[in-house]
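Per UniProt numbering, the sequence shown starts with residue 1, numbered consecutively. Report on one structure; see the data block that follows.
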Amino acid sequence: MNSINDYYVLSNGGKIPCIGFGTWKLPEADTTVDIIKTAIDCGYRHIDTAFMYGNEKSVGKAIRTCGLKRNELFVTSKLSNNSHGYEKTMKEFEMTMENLDIEYLDLYLIHWPRPLAIRDMWKEANEGTWKAFEELYKAGKIKAIGVSNFLETHLEALLETATVAPMVNQLELHPQFVQRDIVEYCKNHRIIVEAYSPLIRGDFSHPVLVETAKKYNKSVAQVLLRWSIQHGFIPLPKASKRERIIENADIFDFQLSDEDIEAMKVLEAKGSIGSHPDTAPF
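Right, dumping it as structure tokens:
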């Protein structure tokens, strides 16, 4: 990947931009509309939201009023934890599309594989959800379908009945939490990997990150995002200020060395900053 304009090719032949703009914790407000339009103005063409984020209306308004044609943007949303199963999925999808007020979704993901609402019947619920996803995909309402936070066991269960395999898996990925097994599984099954929380939620204090940033005259955030790019992940950074939005996209003019990446493995001792897919308290 050489620029923010580069992309990966999905298993169905569609294109997905190599870096996205995350919107987690951005409110449903005009400020969010302005932030997303700023990101688009700075070159981002990939916007990631979710029903659970509660900001789909603002995301949709930004998309509709940014001045670009709809097919110039890649828009993702995700099914919430309380809407697994065929009927509930169909109902929430319509709510998402009403919120966004756009013609189609580029990517729709199951947000979590085993939320509390279906923990004891997650396989059956996900089977029904995926049936709905496949119907929406085949009807052209969604250009690509995938999952988020799915580990091998969740994907294997889904693939027992799926007729269309997931094209994307969005995972917590950063130098503290590499998840090598599921990443390798996705690679072997032609599933593109996206990295959420690629900036470790702003934990930039570790000496190895500080020193690596100094070495390249870059910020720690840029080093972390470059790490994602070099691992073949699609990072989804979020920022509110224009200068940070620009900075997070300016990661294509340097290359971390093998020694840098090896040194950053010390961070793995700190581990995940999020929840485990099988025990998440929501």
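Beta carbons are placed, not taken as given, at the ideal position from N, Cα and C, and that holds for glycine.
Using a C-beta cutoff of 8 Å, does I251 count as contacting chain D? This model lacks chain D altogether, as it is built from one protein chain only.
Reduced DSSP category for K69 - H, G, I as helix; E, B as strand; rest coil: coil
The alpha helix (DSSP H) spanning I35 covers which residue range? D30 to D41
Please report the distance separating the alpha-carbon of K143 from that of P207. 42 Å
Rounded to whole angstroms, what is the Cα-Cα separation between E103 and R190? E103 and R190: Cα-Cα distance of roughly 27 Å.
Take the Cβ of A62 as the centre, count every other Cβ of all protein chains shown within 10 Å, and call the residue buried at 16 or more, exposed below. buried
My output table needs one value for L107: the three-state DSSP class, helix, strand or coil. strand
Helix, strand or coil: how does DSSP classify P207 here? helix
Can you look up V178 in the DSSP assignment and give me helix, strand or coil? coil
Is there at least one non-hydrogen atom of the ligand SAM closer than 7 Å to the beta-carbon of L158? By its list of ligands, the structure shown contains no ligand whatsoever, and the ligand SAM lies outside what it can speak to.
Inspect the CB distances between the stretch 161 to 170 and the stretch 127 to 134 and report whether three or more fall short of 8 Å. yes
Consult DSSP for K238 and reduce its assignment to one of helix, strand or coil. coil
Using only the alpha-carbon positions, how far apart do K15 and Y7 sit? 6 Å
Of the residues Q230, F177 and F282, the one placed nearest V266, counting alpha carbons only: F177
Secondary structure of E172, DSSP reduced to three states: strand
Alpha carbon to alpha carbon, how far is L107 from H46? Give it in angstroms, no decimals. 10 Å
Buried versus exposed, by CB contacts within 10 Å (16 or more), D48: buried
Report the three-state DSSP secondary structure of S83 (helix, strand or coil). coil
Touching by the beta-carbon criterion (3+ pairs, under 8 Å), the stretch 262 to 280 and the stretch 229 to 242: no
Simplified DSSP assignment, three categories, for Y185: helix
Does the distance from the CB of Q78 to the CB of L109 come in under 8 Å? This sequence places Lys at residue 78; Gln is not what is there. Cβ atoms of K78 and L109: closer than 8 Å.
Please tell me whether A157 and N126 are closer than 8 Å, where the distance is taken between their beta carbons. yes
Looking at the structure shown, is A263 part of a helix, part of a strand, or coil, going by DSSP? helix
Relative to the C-alpha of V9, which candidate in I200, E184 and I192 has its C-alpha closest? I192
Beta-carbon proximity of F252 to M90, cut-off 8 Å: no
Once the 5 residues before and after A221 are set aside, which same chain residues still bring their CB inside 8 Å of it? Closer than 8 Å at the Cβ level, and outside the excluded window around A221, lie L199, F204, P237, R244, E247 and N248.
Residue from M167, A50 and R114 with nearest C-alpha to M97: A50
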